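> Just dropping this structure here.
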Amino acid sequence: MSAEGTALAPGPPKLELRGVSKRFESAGREVLALEDVRLRVAEGEFVCLVGPSGCGKSTLLNLVAGLEFPDRGEVLVDGAPVAGPGPERTVLFQDAALFPWLSAIGNVRFGLRLRAEVPKAEREERARALLERVGLGEFLHASVHELSGGMRQRVALARALTAEPTILLMDEPFAALDALTREQFYGDLQRLWQRSRRTIVLVTHNVREAVCLGDRVVLLSARPGRVCEEFGVDLPRPRDFNQVEIAEVAGRILRTLKSHLAREDGGPEPAAP
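Take a look at the structure:
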């Protein structure tokens, strides 16, 4: 396994997958989605998972979230096995999944209602602060149908942060957004991460997006998904999606992916562009 850039920080990892394999039943046959996945993520690290469709990226994220369980191996958070969902791990999906009958601040308040330790009198103030943090301070009382796709995803992010998770799991959260909104969101997310240094694991099909956002890009092989390469991204932040340096690193990762796919198909490796 190769790596570029800085090495993983010393000490125990925040998140670890030890020899994780997962099978599913599909159309009457058994499908091996992930096989012997080994991955360590440091406290405060931003890791992006990329790979071809069907390589098990979302399955891996669901295992970390505790929504599914491995057939073999272990998923550990702070050294303890994941036994199910927990408030320290929050998932942001592609679909914002907001309650359409609630306003922006109402959706965030709902997330705070699930935290018994937060007094009712504080929920409004905290919800307001979270929405301001994601750039929606002027849209607190807007209804969901009045918000653009990017604004709805910002509300979903604010709601996800109500649990104050130590690990934020993101499953292609920008896929449904237009290009301009996506690029604005990249800047927002980088600023949020730099302030909180929260551990983030993001799944994406967009290699340049992964390089723009991540400290490390983990490349999964075609099904069954395995970690085949890792690329450290040692570029200063904030990063611009259109930077030449980002395109260069993304190009190397894409060439590596094509090489792996060619070997798995039994054909010749593609020539470098």
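Here the sequence shown is numbered in the numbering used here, starting from 1394 and rising by one per residue.
A virtual CB, placed ideally from N, CA and C, is assigned to each residue, including glycine.
Bear in mind the structure is a predicted one, so any value in this text is a computation, not a measurement.
#1: Buried or exposed for Trp1586, going by 16 or more other Cβ atoms inside 10 Å?
#2: Report buried or exposed for Asp1471, applying the criterion of at least 16 other Cβ atoms within 10 angstroms of its Cβ.
#3: What three-state label does DSSP hand Ser1414 in the structure shown?
#4: Pull up the distance between the alpha-carbon of Gln1583 and that of Val1594, whole angstroms please.
#5: Determine the extent of the alpha helix (DSSP H) in which Ala1520 is found, giving its start and end residues.
#6: Tell me the DSSP bridge mates of Gly1618?
#7: Following the continuous beta strand (DSSP E) through Val1626, name the residue where it begins and the one where it ends.
#8: Run through DSSP, which three-state label would Ser1446 get?
#9: I think Arg1416 touches Ala1426, with their Cβ atoms under 8 Å apart; what is that distance to the nearest whole Å?
#10: Can you tell me the Cβ-Cβ gap for Glu1467 and Arg1433, rounded? I've got them flagged as a contact below 8 Å.
#11: Is it true that the region 1555 to 1562 meets the region 1472 to 1484, where meeting means three or more beta-carbon pairs spaced less than 8 Å apart?
#12: Determine whether the beta carbon atoms of Gly1444 and Leu1612 lie at a separation below 7 Å.
#13: Mind checking who Ile1593 pairs with in its DSSP beta bridge?
#14: So if DSSP puts Glu1409 in a beta bridge, which residue, or which two residues, is it bridged to?
#15: Near Phe1492, what residues of its chain come up, given a Cβ to Cβ distance below 7 Å and the 5 sequence neighbours on each side ignored?
#16: How would you call Ser1541, buried or exposed, if buried means at least 16 neighbouring beta carbons within 10 angstroms?
#17: Output yes or no for whether 7 Å exceeds the beta carbon distance between Leu1523 and Ala1490.
#18: Please name the residue in Gly1625, Glu1525, Val1637 and Glu1510 whose C-alpha comes closest to that of Glu1438.
#19: Give me, in chain order, the residues of the same chain whose beta-carbon lies closer than 6 Å to that of Ala1603; leave out the 5 immediate sequence neighbours on both sides.
#20: Compare the beta carbon distance of Leu1454 and Ala1497 with 7 Å and say whether it is the shorter of the two.
#21: Judging by CA-CA distance, which residue of Asp1633, Thr1649 and Met1544 is the nearest neighbour of Glu1576?
#22: Cα separation between Lys1450 and Glu1565?
#23: Pull up the DSSP beta-bridge partners for Arg1609, would you.
#24: Where does Val1537 sit, in a helix, a strand or coil, going by DSSP?
#25: Answer yes or no: do Leu1495 and Thr1555 have a C-beta to C-beta separation smaller than 7 Å?
#26: How far does the alpha helix (DSSP H) with Arg1632 in it extend, from its first residue to its last?
#27: Going straight from the alpha carbon of Gly1528 to that of Arg1465, what length do you get?
#28: In whole angstroms, what is the alpha-carbon distance linking Gly1618 and Asp1608?
With the given structure in hand:
#1: buried
#2: exposed
#3: strand
#4: 13 Å
#5: Lys1513 to Arg1526
#6: Leu1427
#7: It is not in any beta strand (DSSP E) - Val1626 carries neither H nor E in the DSSP assignment.
#8: coil
#9: 7 Å
#10: So it is not a contact: roughly 12 Å between Cβ atoms.
#11: yes
#12: yes
#13: Phe1439 and Leu1561
#14: Arg1433 and Leu1469
#15: Asn1500 and Phe1503
#16: exposed
#17: no
#18: Gly1625
#19: Cys1441, Val1443, Thr1597 and Val1610
#20: no
#21: Asp1633
#22: 10 Å
#23: Val1440 and Gly1625
#24: helix
#25: no
#26: Neither: Arg1632 is in no alpha helix (DSSP H) and is coded neither H nor E.
#27: 42 Å
#28: 21 Å
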